[in-house]
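Residue 39 is where the sequence shown starts when you use my numbering, and the numbers rise one by one after that.
The beta-carbon is built from N, C-alpha and C at its ideal position, and this holds for glycine as well.
Here's the structure we're looking at; comments come further down.
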Amino acid sequence: VASRFLLDGDTAHIAGTIIDGSRPAHPDSASVVSFVSGEDTTSVLCGFTLTGGAGTISKLQLANAWYDIRAGGGIFCSWAGPYISHNWIFDNHIRGVNEADGAGVYFDAQDSLIHIVLRNNRITQNTLTAKKNTWGAALCLIGNASVSNNLVAYNASHSEGLAGAVVANWSPTYQFRIVLKNNRIRHNAVHARGVASGGGVSISSNMTARVVGNDISFNQVSSESNCMGGGIFVTYCIGNIKIVDNRITYNWAQHKKNAHSRGGGIDVTYNSNQSLTVISGNMIIGNRALIGSAFHNYISKVALRDNIIKDNIDLVWEGIEPKMQQHE
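Listed below in structure tokens is the structure:
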């Protein structure tokens with residue numbers, strides 16, 4: 039499905055072809071667009087403005103438990119992996135529930151063979167507000183994904199409990215692979231009373247990931263409890279992670295009251311002994327945290343090399359947390 043943008047490449051067609059989800063026929067299915075019939079990447083959504091979505095009631099499996107969630111304000115994908123390109127996904131808001139996921143796009147593959155492509159989209163000004171947990175104000179991706187050349191900006195999560203990343207990726211069951219390449223992930227925010235993590239990118243569980251050539255800047259996590267990974271947060275990963283040739287600048291892990299904050303630029307925590315995180319060729323500049331303003335690592339194998347690290351600001355130790363365990 040495409041607008042006239044597909045014919046001549048004029049972005050005026052994107053702005054002028056609006057799908058407004060603010061008046062859903064069924065309030066429990068209030069996503070602007072849904073893919074729920076096994077669609078693959080031959081199913082294309084191109085050249086639309088998607089706005090006004092409030093998400094779809096669904097179930098999320100974590101470990102052996104199932105949770106009630108509302109997810110996918112702009113786009114909801116379950117058991118489906120479409121090709122989504124040249125869309126403007128903005129001003130979608132999920133609020134007033136216990137758990138909210140993916141205000142811009144929610145993708146739950148539930149199968150290791152399903153793959154989603156997100157390319158050349160603008161995903162902006164989407165929000166999650168929940169009583170317990172929020173994951174992925176812009177993107178919540180649970181499955182194989184290729185995410186490239188997108189603008190992801192001014193999205194926000196607000197939670198009374200745990201809050202997750204603006205771009206959240208995890209797998210409770212399968213080994214999934216994600217590629218984040220040449221995206222601009224800027225000015226996003228995660229706020230929580232509980233733990234807040236990953237202002238720009240969060241990668242966890244059974245993920246293998248390549249984060250290459252992105253601009254991850256001016257993102258923020260703040261919490262009255264612990265917060266970590268203002269730019270990138272990597273945790274409990276089994277597969278290898280590559281963070282290469284990115285600009286990771288002016289991100290902030292902001293603690294409130296007597297809370298703890300770490301890893302203003304990058305935080306790597308509790309990865310498996312099988313997992314190696316390579317951090318190479320990045321510009322890590324001007325990030326802020328209580329400790330490890332540029333980079334913080336705890337009980338994980340990390341190869342940190344050939345990066346430009348300067349002008350990071352923290353209140354305890356300068357730049358890189360000194361007790362990090364580093365693997366070469």
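{"Asked": "Around the Cβ of Lys97, are there at least 16 other Cβ atoms within 10 angstroms (buried) or fewer (exposed)?", "Found": "exposed"}
{"Asked": "Is it buried or exposed, Tyr308, if we count other Cβ atoms within 10 angstroms and call 16 or more buried?", "Found": "exposed"}
{"Asked": "Provide the residue span of the alpha helix (DSSP H) that contains Ala50, from first to last.", "Found": "Ala50 to Gly54"}
{"Asked": "At the level of alpha carbons, what is the spacing between Leu200 and Asn345?", "Found": "31 Å"}
{"Asked": "On the criterion of 16 or more Cβ atoms from any shown chain inside 10 Å, does Thr373 qualify as buried, or is it exposed?", "Found": "The shown model of the chain, from 39 to 366, leaves out residue 373, and the question about it has no answer."}
{"Asked": "The alpha helix (DSSP H) with Phe43 in it runs from where to where?", "Found": "Phe43 to Asp46"}
{"Asked": "Buried or exposed for Ala291, please, with buried defined as at least 16 other CB atoms from any protein chain shown within 10 angstroms of its CB.", "Found": "buried"}
{"Asked": "If you scan the segment 287 to 312 from start to end, which runs of the beta strand (DSSP E) of 3 or more residues do you find wholly inside it?", "Found": "290 to 293 and 304 to 307"}
{"Asked": "Measure the C-alpha to C-alpha separation of Thr162 and Leu45 and round it to an integer number of angstroms.", "Found": "25 Å"}
{"Asked": "In or out: Asn159 buried (at least 16 other Cβ within 10 Å) or exposed?", "Found": "buried"}
{"Asked": "Could you check which residue in Tyr274, Ser242 and Asn188 has the C-alpha nearest to that of Gly251?", "Found": "Asn188"}
{"Asked": "Enumerated in chain order, which unbroken segments of the beta strand (DSSP E) with a length of 3 residues or greater are wholly contained in the segment 148 to 193?", "Found": "153 to 157, 160 to 162, 165 to 173, 177 to 180, 182 to 186 and 189 to 191"}
{"Asked": "Is Glu137 helix, strand or coil by DSSP?", "Found": "strand"}
{"Asked": "Name the one or two DSSP bridge partners that Tyr93 has.", "Found": "Residue identity differs from the one stated: residue 93 is Gly in this sequence, not Tyr. Ala68, per the DSSP bridge assignment."}
{"Asked": "Secondary structure at His124, three-state DSSP: helix, strand or coil?", "Found": "coil"}
{"Asked": "Determine the contact status of Ser240 and Lys294, defining contact as a CB-CB distance below 8 Å.", "Found": "no"}
{"Asked": "Between Gly54, Thr211 and Val70, which has its C-alpha nearest Ala103's C-alpha?", "Found": "Thr211"}
{"Asked": "Quick check for students: name the residue ranges of the beta strand (DSSP E) that lie wholly in the segment 259 to 291, counting only runs of 3 or more.", "Found": "270 to 273, 279 to 282 and 285 to 287"}
{"Asked": "Pull up the CB-CB distance for Ile132 and Leu88, whole angstroms please, since I reckon it's below 8 Å.", "Found": "So it is not a contact: roughly 14 Å between Cβ atoms."}
{"Asked": "Helix, strand or coil for Val233, going by three-state DSSP, please let me know.", "Found": "coil"}
{"Asked": "State the start and end residues of the unbroken beta strand (DSSP E) segment that holds Phe145.", "Found": "Val143 to Asp146"}
{"Asked": "What does the Cβ neighbour count give for Asn311, buried or exposed, with the cut at 16 atoms within 10 Å?", "Found": "exposed"}
{"Asked": "Distance check for Ile122 and Lys378, CA to CA, integer angstroms please.", "Found": "Lying outside 39 to 366, the shown extent of the chain, residue 378 is not represented and no answer is given."}
{"Asked": "So what does Gln213 bridge to, in DSSP terms?", "Found": "BP columns for Gln213 are empty, so no partner."}
{"Asked": "Distance, Cα to Cα, Leu83 vs Leu177?", "Found": "16 Å"}
{"Asked": "Could you say which of Leu328, Trp173, His229 and Asn207 lies nearest to Val217 if we only look at CA atoms?", "Found": "Asn207"}
{"Asked": "Using a Cβ-Cβ cutoff of less than 6 Å, which residues in the same chain neighbour Thr273 once the five nearest sequence positions on both sides are dropped?", "Found": "Ser242, Thr307 and Tyr308"}
{"Asked": "Between Lys339, Ile329, Gly134 and Asp146, which lies nearest to Pro120 when the distance is taken from Cα to Cα?", "Found": "Asp146"}
{"Asked": "On the premise that Asn130 lies in contact with Gly90, defined as a C-beta separation below 8 Å, what is that separation, rounded to the nearest angstrom?", "Found": "7 Å"}
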